[in-house]
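Residue numbers (the working numbering), protein chains in the order written: chain Z, 1 to 243; chain U, 1 to 164; chain B, 1 to 562; chain Y, 1 to 180.
Backbone N, C-alpha and C fix where the C-beta goes; we use that ideal spot for every residue, glycine too.
To keep things clear, I will list the structure first and then write my remarks on it.
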Amino acid sequence: MKGPGTASSVRVVTLKINDHDVSARESESILEVARENGIRIPSLCQMDGLSIAGACRLCMVELKGSSRLLAGCATRVAEGMEVLTNTERLRKYRRMIVELLLAERNHVCSVCVSNGRCELQDLAFECGVDHVRFPYRSAVYQVDASHDWYRVDHNRCVLCLRCVRVCDEIEGAHTWDAMGRGINCQVVTDLKRPWGESDSCTGCGKCVQICPTGALVKHGTSAGEMEKDVHFLPYLSRMRHWE
Amino acid sequence: MTLTVQRPKPPSEDKRWKMIDVAMRRQGYSPHALIEVLHAVQNAFGYLDDDSMTYVAESLGLPLSKVYGVATFYHLFALKPQGEHTCVVCTGTACYIKGAGDLVDGIKQRFGVRLGETTEDKKLSILSARCIGACSIAPAAVIDGKVHGHLSVDELLARIEKVV
Amino acid sequence: MHLDELADFAAEVRKEQQESKHCIRVCMAAGCQSSGAAAVLDGLKGQVDDDANVHVKGVGCMGLCAAGPLVEIESLEASSKTASSKTLYQKVTADDAEAIVDSLDAEPVERLRCSTDIPFFAWQKKVVLENSGIIDPEEIKEYIAADGYLGLVTALTELTPADVLREIKASGLRGRGGGGYLTGLKWSTVAKMPPGQKYVICNSDEGDPGAFMDRAVLESDPHRVLEGMVLAGYAVGADHGFVYIRAEYPLAIERLKKAIQQATRQGLLGKNICETRLSFDIEIRLGAGAFVCGEETALMASIEGSRGQPRPRPPYPAAYGLFGQPTLINNVETLANVPSIIRHGGDWFAAMGTERSKGTKVFALAGRIQNTGLIEVPMGITLRDIIETIGGGVPDGKTFKAVQTGGPSGGCIPEQFLDLPVDYDTLRDVGSIMGSGGMIVMDQSSSMVEVARYFMEFCMDESCGKCVPCRAGTDQMYHLLDKIVKEKATSRDLALLEELCDMVSATSLCGLGQTAPNPVLSTLRYFRQEYEEKLQDLAVAGSGQADLARADSSASETEETK
Amino acid sequence: MMQQNRITVATTWLDGCSGCHMSLLDIDDRLFLLAEKVDFVYSPLVDAKQLPESVDVGIIEGSVSTDEDLHKAIEFRKRCKFLISLGDCAVSGNVPSMRNLFKLDDVLDRAYRENVQVNPQIPRDGVPKLLEKVQPLHGVVDVDLFVQGCPPSAEVIWNVLSELVAGRTPDPTKLTRFGA
Numbered sequence: 001m002k003g004p005g006t007a008s009s010v011r012v013v014t015l016k017i018n019d020h021d022v023s024a025r026e027s028e029s030i031l032e033v034a035r036e037n038g039i040r041i042p043s044l045c046q047m048d049g050l051s052i053a054g055a056c057r058l059c060m061v062e063l064k065g066s067s068r069l070l071a072g073c074a075t076r077v078a079e080g081m082e083v084l085t086n087t088e089r090l091r092k093y094r095r096m097i098v099e100l101l102l103a104e105r106n107h108v109c110s111v112c113v114s115n116g117r118c119e120l121q122d123l124a125f126e127c128g129v130d131h132v133r134f135p136y137r138s139a140v141y142q143v144d145a146s147h148d149w150y151r152v153d154h155n156r157c158v159l160c161l162r163c164v165r166v167c168d169e170i171e172g173a174h175t176w177d178a179m180g181r182g183i184n185c186q187v188v189t190d191l192k193r194p195w196g197e198s199d200s201c202t203g204c205g206k207c208v209q210i211c212p213t214g215a216l217v218k219h220g221t222s223a224g225e226m227e228k229d230v231h232f233l234p235y236l237s238r239m240r241h242w243e
Numbered sequence: 001m002t003l004t005v006q007r008p009k010p011p012s013e014d015k016r017w018k019m020i021d022v023a024m025r026r027q028g029y030s031p032h033a034l035i036e037v038l039h040a041v042q043n044a045f046g047y048l049d050d051d052s053m054t055y056v057a058e059s060l061g062l063p064l065s066k067v068y069g070v071a072t073f074y075h076l077f078a079l080k081p082q083g084e085h086t087c088v089v090c091t092g093t094a095c096y097i098k099g100a101g102d103l104v105d106g107i108k109q110r111f112g113v114r115l116g117e118t119t120e121d122k123k124l125s126i127l128s129a130r131c132i133g134a135c136s137i138a139p140a141a142v143i144d145g146k147v148h149g150h151l152s153v154d155e156l157l158a159r160i161e162k163v164v
Numbered sequence: 001m002h003l004d005e006l007a008d009f010a011a012e013v014r015k016e017q018q019e020s021k022h023c024i025r026v027c028m029a030a031g032c033q034s035s036g037a038a039a040v041l042d043g044l045k046g047q048v049d050d051d052a053n054v055h056v057k058g059v060g061c062m063g064l065c066a067a068g069p070l071v072e073i074e075s076l077e078a079s080s081k082t083a084s085s086k087t088l089y090q091k092v093t094a095d096d097a098e099a100i101v102d103s104l105d106a107e108p109v110e111r112l113r114c115s116t117d118i119p120f121f122a123w124q125k126k127v128v129l130e131n132s133g134i135i136d137p138e139e140i141k142e143y144i145a146a147d148g149y150l151g152l153v154t155a156l157t158e159l160t161p162a163d164v165l166r167e168i169k170a171s172g173l174r175g176r177g178g179g180g181y182l183t184g185l186k187w188s189t190v191a192k193m194p195p196g197q198k199y200v201i202c203n204s205d206e207g208d209p210g211a212f213m214d215r216a217v218l219e220s221d222p223h224r225v226l227e228g229m230v231l232a233g234y235a236v237g238a239d240h241g242f243v244y245i246r247a248e249y250p251l252a253i254e255r256l257k258k259a260i261q262q263a264t265r266q267g268l269l270g271k272n273i274c275e276t277r278l279s280f281d282i283e284i285r286l287g288a289g290a291f292v293c294g295e296e297t298a299l300m301a302s303i304e305g306s307r308g309q310p311r312p313r314p315p316y317p318a319a320y321g322l323f324g325q326p327t328l329i330n331n332v333e334t335l336a337n338v339p340s341i342i343r344h345g346g347d348w349f350a351a352m353g354t355e356r357s358k359g360t361k362v363f364a365l366a367g368r369i370q371n372t373g374l375i376e377v378p379m380g381i382t383l384r385d386i387i388e389t390i391g392g393g394v395p396d397g398k399t400f401k402a403v404q405t406g407g408p409s410g411g412c413i414p415e416q417f418l419d420l421p422v423d424y425d426t427l428r429d430v431g432s433i434m435g436s437g438g439m440i441v442m443d444q445s446s447s448m449v450e451v452a453r454y455f456m457e458f459c460m461d462e463s464c465g466k467c468v469p470c471r472a473g474t475d476q477m478y479h480l481l482d483k484i485v486k487e488k489a490t491s492r493d494l495a496l497l498e499e500l501c502d503m504v505s506a507t508s509l510c511g512l513g514q515t516a517p518n519p520v521l522s523t524l525r526y527f528r529q530e531y532e533e534k535l536q537d538l539a540v541a542g543s544g545q546a547d548l549a550r551a552d553s554s555a556s557e558t559e560e561t562k
Numbered sequence: 001m002m003q004q005n006r007i008t009v010a011t012t013w014l015d016g017c018s019g020c021h022m023s024l025l026d027i028d029d030r031l032f033l034l035a036e037k038v039d040f041v042y043s044p045l046v047d048a049k050q051l052p053e054s055v056d057v058g059i060i061e062g063s064v065s066t067d068e069d070l071h072k073a074i075e076f077r078k079r080c081k082f083l084i085s086l087g088d089c090a091v092s093g094n095v096p097s098m099r100n101l102f103k104l105d106d107v108l109d110r111a112y113r114e115n116v117q118v119n120p121q122i123p124r125d126g127v128p129k130l131l132e133k134v135q136p137l138h139g140v141v142d143v144d145l146f147v148q149g150c151p152p153s154a155e156v157i158w159n160v161l162s163e164l165v166a167g168r169t170p171d172p173t174k175l176t177r178f179g180a
């Protein structure tokens, strides 16, 4: 965090997003600038206060005159850029990404504790996914309810790895990490032992609060009851990284 | 002021832990040396178990889940003991074109194990390699570290039977 | 070691070599070893015993793996002190040792002879492989006798880093790992970064199935790669190098280790190389079986001891690389070209090849082709020359169907394009890529849909799992291809497959996902009828049977398959 | 597409809870308005038990779980000009498809043997045979319109039907969602 004395060193650029002129600090990402200007770009793995993963690929944007797409979260703005965030091509790809996520694990919204408060569900709605064209993989995943307060249901995990990042970057516990690779990736606590037996988990619950779906939830919640609050994160992140 | 780092004790009296300690010392107990150290563990013990991963994690100052994540990311690390003998069937493109699939089927028929499995008597593990770079002598397999090329199913089975 | 000391040393070794009248070289590369080269070497050594006139040694890859084990005899002509004659023997067994040794001062053993006038040898142009199969890779003095390290010592004593950069730029060398990025440009970007800790990485994670060029170079001539790395370090201002090499190549690892020790002992590596201010260390880092680690940001994550997952670029490694420092990453073959370029000059190199693809390229010929093995040819040669003339065509009277280049990121090129010149751009134009140099020839017995499925399975297994399109997309594409192969798919499945190809290549995070659809796209482009023949009729709306349920037993528990 | 005024509608339920049909009834007094424009020619809610040869709109609730479901889905597709997949079970498989994580035999054992004290046996006669895997409706036949929701609200169903009656193709994607 830079003090006020360095303000003069901040360079400001102007660019176009969806043909609107906007100005931005050079250090900002396309996604940040779009949000500041009220332009919504769907995203899932990105979260203010955590490092950039660039993994969900939902925030891909187009640059005028280029066929190559860029991840809005991981690309800095530049002078004169002409960004398009909502072309037909992007809408088609986003829809497919959400479909792939829905087919990958066993997301049964109607019986999910996060029903109605789920980012994946919202994305499906936003991207117009009225059905999934891909075969559901129907792979078997475990539910680990061994923790005193929390529960992890891998059937509903989208592998955004927000939990892994918040646990490492904010809480400093690094209880979570990802194991395996490809379609067999899974988040794990410690050596893939039950969460309740973890020595490193501090029980802070940040992972649960920022999980976008019903994968990480509090005990005692049933369908539609799990409410999450992510608003603490930017503040905490600022406080922890204060130099 | 000097900081003395308390290093954990090896999980057992087994002399092979000395090799692991040497490998870690050589790398200055740097967390970046994780993969090198896991190689050392696998070379010494044949596979990685919870004890060894915990020991490595504590020695290098790494979270357990990170060690587990790395160990399961790379195909060469095994989390279960392997058979006494191994046969690695190359499934690279050249071997595929020249019938690696038949070799795998032949092994399945004769020994009842598929790729990645170990026979019940723990004598033989069948593994696959993405390409061992011996494409010119495809199809190829590596039996206990020795490369054999231009294999027919019968030849491969005979060679395996010789060692098992 | 000064320039004149190096020259003296080289002259001394050459003189020593000429003391024995006959030199017997036994190919000890993987291909020949698996057909019994070690026994041949022992047999020959036993026959020769202590005869000072005959020198027997194991050498690196001679190229024609199909005819292994190979043995080459070089004999000094009786009339002259320098001119020599060479005889090549093929398919040698230990039992032949006696006959070979007996024939040394007499007529060659005809039944074993392999003509070296055939196009396989005659049409090649060796730069990277100039020492392969000739020198003993485990002896630094043999490399030095072949003008090894001459480029480095010359550069250190007579050229500035900027001069070295200029030569590399003038050579027009492009990255041999697959992308074809201009090497000079890459080097100068790293060189322009502010002074400080920088790294050079040699990418030896040759993961493309069907490619073994880098393996052969590392096993046959490891010092060449080290010399290239030190030159790179000098040019860009780095003092530390890493060789990231696959653990599947134990012999190459062993030889590299030995080479690093020897070069360090000779003062050609380490602190104050050749008593100059340049210091450069090289460390070896082993991969552990992950194809994605060939991608440069994943490779760096792996050197740092993490899961080999790529990260978004920019920032590029040149600016923010290994441990956050500016980093130059080049592939083995790229670096192996460097010593020759410095020795002979960039213009010499640029005179070979085509307008936009300079120099030579090493290819690994495999699959349904007569002369499987390793070749090095000038860029711009036609595919037909490589496959039919040098490679001897498709054996057993079968007909050529396609050649696969570029591995899982490449494509299948059909007969109609065989007369195209091989360079980065033409191959891309026909839907494939140069890749690292694997060429797998297929005849009519290969089903192109199955080949596409094979590569998709590869990509699915090797996907790191970080980004959604690659992780879940390759899995869906594989199952769609499997359905087509099993003749259970409809035209709707094929359309879905094509849509996925488009999406996965446009949105994936790294090269693996972006190029994973290529084998499907190229086979669809040239062999679409093979796909269509396997489709089920889209029955009257009513029994479409899209079969949207899938039981995926493979997806459950990763570690159980370990 | 279809005549402006009266349209014929057939509905059926496959593997589901019939909640979507209940939701249809929840349009309450608007049912009278509907009755002026729509003939329900076949439905669990009406007496007609014979699916006519040709119907304007078919509405299917529930997932395809048995051979009988499959047969019904195919018959509907053949005879209906416009086929609607109504509710999450039909659209995604939903709760019924949760059995796809297990082997069919294990599911049957669990239901009819393991947890049964009296005369445990797997019924075979007179009941439809379970398919190996539960599928969404579009997994077996082409579908023209998807209406998600568990169940879709009466408002959504009303919107869809009134759009159809008006001769327009409905677009419920901004009105409902999975799990709604």
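> Along the chain, where does the alpha helix (DSSP H) that runs through asparagine 337/B open and close?
Replying inline: Your numbering for residue 337/B matches position 337 in the third sequence. 332-344 is the extent of the alpha helix (DSSP H) around asparagine 337/B.
>> Does alanine 541/B come out as helix, strand or coil in the three-state DSSP assignment?
In response: By one-based count along the third sequence, residue 541/B stands at place 541. Below a pLDDT of 50, predicted positions are generally treated as unreliable, and alanine 541/B, at 38, falls in that range; the measurement from the model is reported next regardless. In the structure shown, alanine 541/B sits in coil (DSSP, three-state: anything other than H, G, I, E or B).
>> My parser needs the beta strand (DSSP E) runs of 3 or more residues fully inside the region 118-160 of chain Y; what are they?
In response: DSSP runs (the beta strand (DSSP E)) wholly in the region 118-160 of chain Y: 130-135, 145-147.
> Are the Cβ atoms of valine 111/Z and valine 64/Y separated by less than 8 Å?
Replying inline: Indexing the first sequence from 1 puts residue 111/Z at position 111. Indexing the fourth sequence from 1 puts residue 64/Y at position 64. Not a contact, by the Cβ cut-off of 8 Å.
>> What does the alpha-carbon distance come out to for the pair threonine 12/Y and histidine 138/Y?
In response: Here residue 12/Y refers to the residue found at position 12 when the fourth sequence is read from its first residue. Here residue 138/Y refers to the residue found at position 138 when the fourth sequence is read from its first residue. Threonine 12/Y and histidine 138/Y have their C-alpha atoms roughly 15 Å apart.
> From alanine 516/B to glycine 407/B, what distance separates their C-alpha atoms?
Replying inline: Here residue 516/B refers to the residue found at position 516 when the third sequence is read from its first residue. Here residue 407/B refers to the residue found at position 407 when the third sequence is read from its first residue. Rounded to the nearest angstrom, the gap between the Cα atoms of alanine 516/B and glycine 407/B is 10 Å.
>> The beta strand (DSSP E) that contains phenylalanine 32/Y, what's its start and end?
In response: As a working mapping, residue 32/Y is identified with position 32 in the fourth sequence. Taken as a continuous stretch (DSSP letters only), phenylalanine 32/Y belongs to no beta strand (DSSP E), being part of the alpha helix (DSSP H) at 30-37.
> So what's histidine 39/U in DSSP terms, helix, strand or just coil?
Replying inline: On the second sequence, residue 39/U is found 39 positions in, with the first residue counted as 1. Note: histidine 39/U maps to helix in three-state DSSP.
> Rounded C-beta distance between isoleucine 303/B and phenylalanine 242/B? I'm assuming under 8 Å.
Replying inline: The residue labelled residue 303/B in the question sits at position 303 within the third sequence. The residue labelled residue 242/B in the question sits at position 242 within the third sequence. That pair is a contact at about 6 Å.
> In terms of alpha-carbon separation, which member of Ile157/Y, Val57/Y, Val140/Y, Lys174/Y lies closest to glutamate 68/Y?
Replying inline: One-based indexing of the fourth sequence puts residue 68/Y at position 68. The option with the nearest alpha carbon to glutamate 68/Y is Val140/Y.
>> If I follow the unbroken beta strand (DSSP E) through tyrosine 199/B, where does it start and stop?
In response: Locating residue 199/B in the third sequence gives position 199, counting from the first residue. It spans 199-204 - the beta strand (DSSP E) in which tyrosine 199/B sits, taken as one unbroken run.
> Nearest to isoleucine 260/B by CA position, among Leu218/B, Arg246/B, Ala235/B, Glu388/B, is which residue?
Replying inline: Walking along the third sequence from the start, residue 260/B turns up at place 260. By alpha-carbon distance to isoleucine 260/B, the top candidate from Leu218/B, Arg246/B, Ala235/B, Glu388/B is Leu218/B.
>> Taking only three categories from DSSP, how would you classify histidine 223/B?
In response: Mapped onto the third sequence, residue 223/B falls at position 223. Helix.
>> Just verifying my parser: in three-state terms, what is the DSSP assignment at cysteine 201/Z?
In response: Mapped onto the first sequence, residue 201/Z falls at position 201. In the structure shown, cysteine 201/Z sits in coil (DSSP, three-state: anything other than H, G, I, E or B).
> What residues match up with threonine 86/U in a beta bridge as DSSP calls it?
Replying inline: Locating residue 86/U in the second sequence gives position 86, counting from the first residue. Per DSSP, Ser125/U.
> So with Cβ pairs under 8 Å, would you call histidine 154/Z a contact of chain U?
Replying inline: In the first sequence, the residue the question calls residue 154/Z occupies position 154. Answer no: the Cβ-Cβ gap between histidine 154/Z and chain U never drops below 8 Å.
> Can you find a CB in chain Z that lies within less than 8 Å of the CB of asparagine 159/Y?
Replying inline: Numbered from its first residue, the fourth sequence carries residue 159/Y at position 159. Answer no: the Cβ-Cβ gap between asparagine 159/Y and chain Z never drops below 8 Å.
>> Mapping the DSSP letters down to three states, classify valine 111/Z as helix, strand or coil.
In response: If you number the first sequence from 1, residue 111/Z lands on position 111. Looking at valine 111/Z - three-state DSSP - the assignment turns out to be helix.
>> Less than 8 Å between CB atoms is the rule here; does valine 520/B satisfy it with respect to chain Z?
In response: Here residue 520/B is taken as the residue at index 520 of the third sequence, counted from 1. Contact of valine 520/B with chain Z is not assigned, every C-beta pair being separated by 8 Å or more.
>> Any beta carbon of chain Z sitting closer than 8 Å to that of histidine 563/B?
In response: Residue 563/B lies beyond the residue range present for chain B, which begins at 1 and ends at 562; the question has no answer from this structure.
> Do you know whose CA, among Gly180/Z, Lys206/Z, Gly220/Z, lies nearest leucine 50/Z's CA?
Replying inline: For the purposes of this step, residue 50/Z is taken as residue 50 along the first sequence, with counting starting at 1. Checked all of Gly180/Z, Lys206/Z, Gly220/Z; the closest Cα to leucine 50/Z is Lys206/Z.
>> For the ligand PLP, I want to know if aspartate 88/Y counts as a neighbour, meaning its beta carbon is within less than 7 Å of at least one of the ligand's heavy atoms.
In response: The ligand PLP is not part of the structure shown, which contains no ligands of any sort.
> Does proline 469/B get closer than 8 Å to chain Z when you measure Cβ to Cβ?
Replying inline: Locating residue 469/B in the third sequence gives position 469, where the first residue counts as 1. Contact with chain Z is found for proline 469/B, since one of that chain's Cβ atoms lies less than 8 Å from the residue's Cβ.
> Checking contacts by CB at 8 Å: is glutamate 88/Z closer than that to chain U?
Replying inline: On the first sequence, residue 88/Z is found 88 positions in, with the first residue counted as 1. It does not: the Cβ of glutamate 88/Z has no partner Cβ on chain U nearer than 8 Å.
> With a Cβ-Cβ cutoff of 8 Å, do alanine 39/B and alanine 94/B count as a contact?
Replying inline: Counting from one through the third sequence, the residue named residue 39/B turns up at place 39. Counting from one through the third sequence, the residue named residue 94/B turns up at place 94. The beta carbons of alanine 39/B and alanine 94/B sit closer together than 8 Å.
> Going along chain Y, which residues have a C-beta under 7 Å from valine 108/Z?
Replying inline: Position 108 of the first sequence, counted from the first residue, corresponds to residue 108/Z. Within 7 Å of the CB of valine 108/Z, the CB atoms of chain Y belong to Asn94, Val95, Met98, in sequence order along the chain.
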